[in-house]
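Peer 1: Before we start, here is the structure in question, set down as C-alpha cells.
Protein chains in written order, with full-length UniProt numbering: chain A, 1 to 339; chain B, 1 to 627.
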C-alpha cells in the first residue's frame, strides 16, 4: 500500500471551499479591473507608431515633448524606456499619413532639436487594419488552445477532468489579464504568446496531478474521492514546488536581464506560473470533484485484479514481462539465423 | 507465480542505447559549434539584372581591391555571386564604396556578415543559427496591395477595347465609363441593345459575366468580371509589385533580402542589416512609368557616351548592363497607354516573346509611328521616380531622383496599332522579366506599408547580449537548485540539461530556423520546464525508496513517471502548436524553440539521465542513493 497516510499530510481538499471563494474573489477583481480600467493595449492591437530613440546623455522629457509638439505631434506620448537616455515615443494612427513618413518626420524633428547625435533604436508601426487582425487572431488562438485541451484531456482522462482543467486554464488566463489591467502594463503580442505558454504550463501542472489522482483511484482501497485527490496533491507537492521554482527563477532572470522588450512577456508568465500552480492544485481538482468524479469513472476495465499485489511484486511483474519480450525477440532472431 | 530462474531488477541498458546517446551527443556538439566562431565583415557582390559575372569580373574585382591596398581575407565565387571577407569593418566599408563606384550599375554591392565557420565544419553542413531581424538589426515591412484599385484599373483597361468592338460591329452606344466594380453600357435603342449584347457575348464571355441590366432607364448591358478574372487580376497585381520591389531593393544593396507573398494581398519585405532605414523606405515608395521611343540610329551612341554630348534631337540612355543607346526625344506612347503585357512563346518560331496591348489612343499613335519607321528600332525606357533625403553641407534636402533604364530595343517589322509582339528575346526568363517590367511601369496597383518593424543595429546587439545573459543566469540558477535538492541525481539532471541546450542549438542551426528574441525566451522557458521530467522521476524514486529496494525504486521511478511526463509534454506541445499556427514572425520563433525544447528534453531527461544512472548504479549492490 502507498505510504501517503504515514507522512504528514496537508489537508488541501478540506480547504477547497475556501479556495473556491478566493478564486471567485480574484476572478471578480480581475473582471472588474478589465471592465473599469481595461487593458493597456500596445500598438500591435491599436495600430499606431512606436519609436525608440537613444540619446548620448539623459534627456529631459518635458523639453522633448515640447519639441514634438512644435513639430506637430501634440498627441505623441513620450516616456523613458529602461534608462534615462532612452525615450519611447508613441503616436496614435493618423489618417492619410503612412508610417514611413511619420517616423522619418519624428526623427528629423528630434534631430533638429537636439545638439547631440541621436540614434534610432527601433520603429514599430502597425496599421489599424493589421491591428484588428492581430487582435482577432490572438483571441482565436487562445480559444483554439483551450478547445484543443478540452478534447485531449477528455480523450485521455475523463470529461470531468477535462472541464476541471479548462476551468483552471480560464481561471489562470482571466487572473493574468486582471493583473495586466490593474497594473496597466503594456499588453502586446508577446503577452499573448506568454498567455498561451501559461496555458501550456498550467495544463502541464494539472495533468501531473490528475495523472496521480487517476493512479490512486486505481491502486488505492480508499473509497473517498476527496481523500484520494488530497493524497495525490500531497504526493505531488514537492514536485509542484520544485518545478515552479525552477521555472520561476529562469523567468525572473528573463524579467530582470532580458531587456524591456521582453519584460511584459516575462511578467505575464511569472503571474501565470504562480496562479497556474495554485489552480492546478485547487481549481482543477476541486472542480472535477464538484462534478462528482468517482472511482468507477476511472476504473475502465482494469486488465486484472491488481489490488492484492504488493508494489514490489507488481514491479517484478512489469520487469519480467519486459524481459520475456526481449528474450522472445532474441529467440526469434536466433531461429532466423539457424535457418 | 515466479519462475524458477529468479530474475532481479538490475537496471541495465543495452549497448545500443549508450551508442545512440553518444552519437547524438557528438552530433549535437558538432552542429552547435558553428555558433561560437562569430562573423567576418564581408562584401557581397551580385549581378544586376541581365548581367552575368565571369572570369573577367573576378579579375576586375581583385584588381580594384589590390589597387586600393585593401587586405582581403578570402574571396569566393559561388552561385553567381562574390563573397569577399575582410579582416576588419574599416576595410569592408572602404571596399564597399569603392566597388560600388567602380562596378556601377552592373552589380549590387552589399555589406554582409559572413559566418566564420571553419571549413571542416561547413563541410559537414554546419552553419550558425539564422538570427532574426530583432537580433541582427534591420527592417521588416508588410506591404498591402490595393486590390480594389487593381480591379478598378482592370475595368478601365477594358473600356477602350469594348468601345472598339462596338464601333466595329456598328452598334450605337451612349457614352459610358468604367465604374469601380462594373462596366455599364447604355444603348440608343432596343435593336442596338440586342446586337450589342450578342457581340459582347461572343467576344468577352471568357472575361466577363454579361447580363442585361433591367434596372437601368435605358436598355443596358452590365459587365462584371468573373471570379476567375478577378483572381487572375489580383495575382498579377501582386506579382508585379513583388517584381518592382525586388528591382528597387537590388539598388539598396542588401545582402539577404526577403521578399515574400503573405496571404493573397500582402508582401513581406525584410532587409537585414539595413542601417539607413529612412532611405530604404524612400526607395520602396518609388513610382515607376514607361516610355516607348524610337532609337536614333544616325547618332553614335559610343561617342556620345564618351563625350557626354548627344545629338540635338536625342538623349543618351543606357541599358541595364551599361551599354549606351541614343533615343529620340519624342515619346510615342507612355505607361498609361499600356493595357497589358504578357510573355508567351511565339507559335511560329517557338521562341519567347512578349505580347503588348495598348489602349485606343496609344494604338492610334503607335500606328502613325510604325507606318513611317519599318526597319527601325523602337526602345522601351523604364523610369523610376523617388524622393530621397540627402545631406548637403550638413542640411537635409529632399531630392527627387529619377533613374532611367532601357529595358528593350527591337526592330519594327511591320506596321501595328494597339496589339504587337516583342520578339528576339534570349530566354523565357527574359520575356517574363520584360513583361513584368512593362506591367510594373504601366499598371502597378498601389501599395502601402501596413506594418513596419525596424530595429537599429545597436538595439539588435543589446538584444543578443541581454538574451544571452538571461539564458546563462537562468541556466545557472536551475543547476544550483537541482544540485541542492537532488544531490548526485541533480548533477546528472544538470548534465542532461546541458546536453538539451546543446541539442536545441544544434537543431535550430541545422533547420536554419530564425532565432528571435522571443525565441530566446522560449529557450529560457524550456530550460526551466525541461527539468520537470527529472523532478517527476526523482520525486517518484524518493517516494518508492520508502517501500522497495534501491534498484526497484530507480526502476519504478522511471517506469511510473513516464506516462505522466508524456501526457504533460504532449499538452504543452499542443499549446505550442496553436502558437505556431497563429503566430506572426516573432511569436513563431517562440513556438519553434519551445516545441524543439520539449521534444529534446524528453530525450535527454529520460534516456540521458537513465543511461548515466544505469551505468553508475546498475547491476550492483547499492547501499544508499544520493538523491
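Where is the CB? At the ideal position from N, CA and C, for every residue including glycine.
Because the structure is a prediction, the values reported are computed rather than measured.
With DSSP as the reference, label residue 93 of chain B as helix, strand or coil.
Peer 2: DSSP places residue 93 of chain B in helix when its eight states are reduced to three.
Peer 1: Rounded to whole angstroms, how far is the Cβ of residue 203 of chain A from the Cβ of residue 149 of chain A, which I believe are closer than 8 Å?
Peer 2: About 6 Å; that satisfies the 8 Å criterion.
Peer 1: Report all residues from its chain with a CB closer than 6 Å to the CB of residue 41 of chain A; omit the five preceding and five following residues, and keep chain order.
Peer 2: Within the same chain, residue 41 of chain A has close Cβ partners 187.
Peer 1: Runs of 3 residues minimum, wholly inside the stretch 298 to 323 of chain B: which ones carry the beta strand (DSSP E) assignment?
Peer 2: For the stretch 298 to 323 of chain B, whole beta strand (DSSP E) runs of length 3 or above, ordered along the chain, are 314 to 318.
Peer 1: Taking all protein chains shown into account, decide if residue 80 of chain A is buried (16 or more other Cβ within 10 angstroms of its Cβ) or exposed.
Peer 2: By the neighbour-count rule (16 or more Cβ atoms within 10 Å), residue 80 of chain A is not buried but exposed.
Peer 1: Exposed or buried, residue 128 of chain B, counting other C-beta atoms within 10 Å across all chains shown (16 or more means buried)?
Peer 2: Burial call: buried.
Peer 1: Rank B:465, B:95, B:32 and B:107 by C-alpha distance to the C-alpha of residue 250 of chain B and give the top, closest one.
Peer 2: If we check each option's Cα against that of residue 250 of chain B, B:107 comes out closest.
Peer 1: Could you name the residues of chain A that residue 264 of chain B contacts, counting a contact when the two beta carbons are closer than 7 Å?
Peer 2: Chain A residues near residue 264 of chain B: none, gap ~14 Å exceeds 7 Å.
Peer 1: Please report whether the beta-carbon of residue 67 of chain A lies at a distance below 8 Å from any beta-carbon of chain B.
Peer 2: No, residue 67 of chain A does not count as interfacial toward chain B.
Peer 1: Could you give the first and the last residue of the continuous beta strand (DSSP E) run that contains residue 47 of chain B?
Peer 2: Here the beta strand (DSSP E) through residue 47 of chain B covers 39 to 47.
Peer 1: Kindly indicate if chain A contains any beta-carbon less than 8 Å away from that of residue 628 of chain B.
Peer 2: Since the first residue of chain B shown is 1 and the last is 627, residue 628 of chain B is not available in this structure.
Peer 1: Closer than 8 Å by C-beta to residue 621 of chain B: which residues in its own chain qualify, once you throw out the five before and the five after it? Chain order, please.
Peer 2: Around residue 621 of chain B: no qualifying Cβ.
Peer 1: Based on the DSSP secondary-structure assignment, which residues constitute the bridge partners of residue 404 of chain B?
Peer 2: Residue 404 of chain B pairs with B:383.
Peer 1: Which term fits residue 36 of chain A, buried or exposed, when burial requires 16 or more other beta carbons within 10 angstroms of its beta carbon?
Peer 2: With fewer than 16 other Cβ atoms within 10 Å, it is exposed.
Peer 1: If contact means a Cβ-Cβ distance below 7 Å, which residues of the stretch 461 to 482 of chain B contact chain A?
Peer 2: If the cut-off is 7 Å between Cβ atoms, the stretch 461 to 482 of chain B has 462, 463, 466, 467, 469, 470, 473, 474, 477, 478 and 481 near chain A.
Peer 1: Identify whether residue 102 of chain A lies in helix, strand or coil by the three-state DSSP scheme.
Peer 2: Residue 102 of chain A falls in the helix class under three-state DSSP.
Peer 1: Quick one: does residue 571 of chain B have its CB under 8 Å from some CB of chain A?
Peer 2: True, the Cβ-Cβ gap to chain A drops below 8 Å.
Peer 1: Going along chain B in order, which residues have a C-beta closer than 7 Å to the C-beta of residue 148 of chain A?
Peer 2: Ordered by position in chain B, the residues that pass the 7 Å Cβ test against residue 148 of chain A are 574 and 578.
Peer 1: What is the C-beta distance between residue 599 of chain B and residue 561 of chain B, in whole angstroms, given that I count them as a contact (C-beta under 8 Å)?
Peer 2: 18 Å between Cβ atoms; not a contact.
Peer 1: If you measure from the beta carbon of residue 521 of chain B to each beta carbon in chain A, is any gap under 8 Å?
Peer 2: Chain A contact via Cβ: present.
Peer 1: At a Cβ threshold of 8 Å, is residue 453 of chain B touching chain A?
Peer 2: It does; some Cβ of chain A falls within 8 Å.
Peer 1: Is the stretch 519 to 527 of chain B close to the stretch 544 to 554 of chain B, with three or more CB pairs under 8 Å?
Peer 2: The answer is no - the stretch 544 to 554 of chain B does not touch the stretch 519 to 527 of chain B, with fewer than three Cβ pairs under 8 Å.
Peer 1: Comparing alpha-carbon positions, which option in B:470, B:182, B:135 and B:266 lies nearest residue 447 of chain B?
Peer 2: Out of B:470, B:182, B:135 and B:266, B:266 has the C-alpha closest to the C-alpha of residue 447 of chain B.
Peer 1: With respect to the alpha helix (DSSP H) encompassing residue 36 of chain A, which residues constitute its N-terminal and C-terminal limits?
Peer 2: Per DSSP, residue 36 of chain A belongs to the alpha helix (DSSP H) from 16 to 36.
Peer 1: Could you tell me whether the Cβ atoms of residue 572 of chain B and residue 152 of chain A are closer together than 8 Å?
Peer 2: It is not a contact, given that the beta carbons lie outside the stated cut-off.
Peer 1: Any residues in the stretch 130 to 161 of chain A with a beta carbon nearer than 8 Å to a beta carbon of chain B? Which ones, in chain order?
Peer 2: Per Cβ criterion, the list reads 130, 134, 137, 138, 140, 141, 144, 145, 148, 149, 152, 153 and 156.
Peer 1: Please state whether DSSP places residue 130 of chain B in a helix, a strand or coil.
Peer 2: In the structure shown, residue 130 of chain B sits in a strand (DSSP, three-state: E or B).
Peer 1: Looking only at its own chain, which residues have a Cβ that is under 6 Å from the Cβ of residue 516 of chain B, when we skip the five neighbours before and after it?
Peer 2: Here the set comprises 132, 134, 586 and 589.
Peer 1: Name the residue from A:263, A:259, A:180 and A:266 whose alpha carbon lies nearest to the alpha carbon of residue 464 of chain B.
Peer 2: Here the closest residue by C-alpha is A:259.
Peer 1: Helix, strand or coil, according to DSSP, for residue 171 of chain B in the structure here?
Peer 2: The answer is coil: DSSP assigns residue 171 of chain B none of H, G, I, E or B.
Peer 1: Compare the C-beta of residue 242 of chain A with all C-beta atoms of chain B and state if any pair is closer than 8 Å.
Peer 2: Interface residue, yes.
Peer 1: Give every residue of the same chain whose Cβ lies closer than 6 Å to the Cβ of residue 17 of chain A, excluding the five residues on either side of it in the sequence, and list them in chain order.
Peer 2: Around residue 17 of chain A: no qualifying Cβ.
Peer 1: For a cutoff of 8 Å on Cβ pairs, would you count residue 124 of chain A as touching chain B?
Peer 2: Closer than 8 Å to some Cβ of chain B, the Cβ of residue 124 of chain A qualifies, so yes.
Peer 1: In whole angstroms, what separates the C-alpha of residue 309 of chain B from that of residue 328 of chain B?
Peer 2: Rounded to the nearest angstrom, the two C-alpha atoms are 14 Å apart.
Peer 1: List the residues of chain B whose Cβ lies closer than 8 Å to the Cβ of residue 294 of chain A, in chain order.
Peer 2: Residues of chain B passing the Cβ test: none, with the nearest at roughly 21 Å.
Peer 1: Check each candidate in B:456, B:500, B:540 and B:608 and name the one with the smallest Cα separation from residue 29 of chain B.
Peer 2: Nearest C-alpha to residue 29 of chain B: B:500.
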